[in-house]
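Before any comments, here is the structure.
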Amino acid sequence: MNEVLLYSNILLWLAVLLIGFTLFIIFRQFGEVYLGTGESIARDGIAIGERAPSLKDRKTWNRQQVASHEAKPVILVFLSPTCRACINLIPDWNQAVHKHQEIHFRVILVGDRQKSEEILKEQTLEGEILLDEDRHILEEHRVRVTPFAFILDEEGVVRGKGLCNGTGHIHSLISYLESESVAV
């Protein structure tokens with residue numbers, strides 16, 4: 007009799023673990039689908055057509071004042087040193103910086119300074135770099151996930167935005183500058 011109770015208890019625990027794992031996978035998939043929709047991205051970040059907060063009082067990584075972007079459009083990307091997709095974006099970002107001289111490229115590194123320094127020692131990151139240890143810039147721009155990017159016109163108005171995982175996304179954002187209307 008005790009053996010039957012023991013085996014049934016083990017089977018019940020296995021069933022509970024299987025159900026828990028299945029729920030985890032379902033919720034994870036739901037999150038990916040939710041965050042991947044255009045509607046979700048339209049809600050994240052500063053609204054298209056609004057002016058982005060000024061960063062001119064901020065110091066760049068090398069302690070210089072943020073360069074004025076009045077003469078050029080700006081592509082602004084938020085990266086986290088603990089985000090694998092952010093680290094994988096760096097080579098594509100560097101290529102875009104060299105290819106599009108007519109655009110000012112700005113990176114906001116979100117999070118811990120030490121981890122950010124480690125990433126910058128491992129890889130070259132082109133463009134103007136700002137550190138956002140306290141996540142204040144992230145909150146000002148209403149960004150929830152990284153890597154997230156904005157394309158701003160010469161007046162600092164958001165023309166396009168979205169998750170930015172590679173060359174295709176960077177070129178997609180840049181294409182919003184060429185269109186007459188603002189779009190998501």
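Start counting at 1 in the sequence shown, then tack on 6, and there's your number in the numbering used here. For each residue, glycine too, the CB sits at the ideal point set by N, CA and C. Computed from a predicted structure; not experimentally measured.
Less than 8 Å between C-beta atoms, sequence neighbours within five positions excluded: which residues of the same chain meet that for residue i?
i	result
residue 92	85, 86, 152, 153
residue 176	81, 98, 99, 102, 155, 170
residue 124	87
residue 89	152, 153
What distance in whole Å lies between the Cβ atoms of residue j and residue i, which are believed to be in contact at a cut-off of 8 Å?
i	j	result
residue 110	residue 80	5 Å
residue 120	residue 96	Rounded, the Cβ-Cβ distance is 18 Å, inconsistent with contact.
residue 55	residue 148	That pair is no contact at about 14 Å.
residue 131	residue 113	6 Å
residue 144	residue 61	About 12 Å separates the two Cβ atoms, so there is no contact after all.
Tell me residue i's beta-bridge partners as DSSP assigns them.
i	result
residue 84	114, 154
residue 132	According to DSSP, residue 132 bridges with nothing at all.
residue 167	156
residue 137	115
residue 57	163
What residues in its chain sit with their C-beta under 6 Å from that of residue i, if we drop five residues either side in the sequence?
i	result
residue 162	57, 58
residue 71	Reliability fails at residue 71, whose pLDDT of 48 lies under 50, so the model's placement of it is uncertain and the value that follows must be treated cautiously. Counting only Cβ-Cβ distances below 6 Å, and skipping sequence neighbours, we find nothing.
residue 35	none
Output needed for residue i: all residues of its chain with C-beta closer than 7 Å, excluding positions within five of it in sequence on either side, in chain order.
i	result
residue 183	79, 157, 159, 165
Is the distance from the Cβ of residue i to the Cβ of residue j below 9 Å?
i	j	result
residue 117	residue 139	yes
residue 229	residue 104	Outside the shown range of the chain, which is 7 to 190, sits residue 229, and nothing can be said about it.
residue 94	residue 172	yes
Report the option in the options whose CA atom is closest to the CA atom of residue i.
i	options	result
residue 170	106, 102, 124, 134	102
residue 141	33, 133, 150	150
For chain C, find out if any of its Cβ atoms is closer than 9 Å to the Cβ of residue i; answer yes or no.
i	result
residue 155	The question asks about chain C, but that chain is absent: this structure has only one protein chain.
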